[in-house]
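A.B. asks:
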Amino acid sequence: MGQGISIHRKSCPNAKRLLEKYGYRYIDVQWKGPDSEAAIQANIRISGDDRIGILGEITSVISGDLRVNMQSIKIDSGDKMFTGYIKLSVRDARHLDELIHKLLKIKGISKAGRIE
Numbered sequence: 820m821g822q823g824i825s826i827h828r829k830s831c832p833n834a835k836r837l838l839e840k841y842g843y844r845y846i847d848v849q850w851k852g853p854d855s856e857a858a859i860q861a862n863i864r865i866s867g868d869d870r871i872g873i874l875g876e877i878t879s880v881i882s883g884d885l886r887v888n889m890q891s892i893k894i895d896s897g898d899k900m901f902t903g904y905i906k907l908s909v910r911d912a913r914h915l916d917e918l919i920h921k922l923l924k925i926k927g928i929s930k931a932g933r934i935e
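Residue numbers (our numbering): 820 to 935.
This is the structure we're talking about:
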């Protein structure tokens, strides 16, 4: 008690004990599933070798493979290298991690990660 909010699975032994003792404080919660319309905004920076077709591969992974909505994209290139900034709507942190992992598999991508 007095430690803020705790969320437990229904099968958790602590939840069962707390429900018996403090049932009046119980609130049922539900998480939105992976098919939910809810989204979080994320900004990523990506960099690597500038070559013909790399932007197409990047957008194919983002919009095609993972069905992520891109809100904006800015690419700067010079000296055969590029840096890109992409604003996205993803389902959750796991979805963003999966996206970054797939981007890093593209030939020529050297860095990809979330930025503020």
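Quick reminder that beta carbons are idealized off the backbone N, C-alpha and C, glycines included.
Report the start-end ranges of each alpha helix (DSSP H) in the stretch 884 to 929 that is 4 residues or longer and not cut off at the edges.
C.D. replies: Taking only runs of at least 4 residues, the alpha helix (DSSP H) segments lying wholly in the stretch 884 to 929 are 912 to 923.
A.B. asks: Could you tell me if His920 is buried or exposed, where buried requires 16 or more neighbouring beta carbons within 10 angstroms of its beta carbon?
C.D. replies: Exposed is the call here.
A.B. asks: Look at the alpha carbon of Ile863 and the alpha carbon of Ile871, and state the distance between them as a whole number of angstroms.
C.D. replies: Cα-Cα distance, rounded: 21 Å.
A.B. asks: Alpha carbon to alpha carbon, how far is Gly875 from Asp868? Give it in angstroms, no decimals.
C.D. replies: Computed Cα separation, rounded: 14 Å.
A.B. asks: Return yes when the Cβ of Ile846 is within less than 7 Å of the Cβ of Ala931, no when it is not.
C.D. replies: It is not a contact, given that the beta carbons lie outside the stated cut-off.
A.B. asks: Beta strand (DSSP E) containing Ala834: first to last residue?
C.D. replies: Here Ala834 belongs to no beta strand (DSSP E); instead the alpha helix (DSSP H) covers 832 to 841.
A.B. asks: Going by DSSP, what residue range makes up the beta strand (DSSP E) through Ile865?
C.D. replies: 859 to 868 is the span of the beta strand (DSSP E), which, as asked, contains Ile865.
A.B. asks: Just the Cα atoms here: how many angstroms apart are Gly842 and Glu935?
C.D. replies: Taking the straight line from one Cα to the other gives about 41 Å.
A.B. asks: Output needed for Arg828: all residues of its chain with C-beta closer than 7 Å, excluding positions within five of it in sequence on either side, in chain order.
C.D. replies: Around Arg828: Ala834.
A.B. asks: Quick one: grab the DSSP three-state call for Gly872.
C.D. replies: Here Gly872 sits in coil by DSSP.
A.B. asks: Any idea if Arg910 is buried or exposed, counting beta-carbon neighbours within 10 angstroms, 16 or more meaning buried?
C.D. replies: Arg910 is buried by the Cβ-count criterion.
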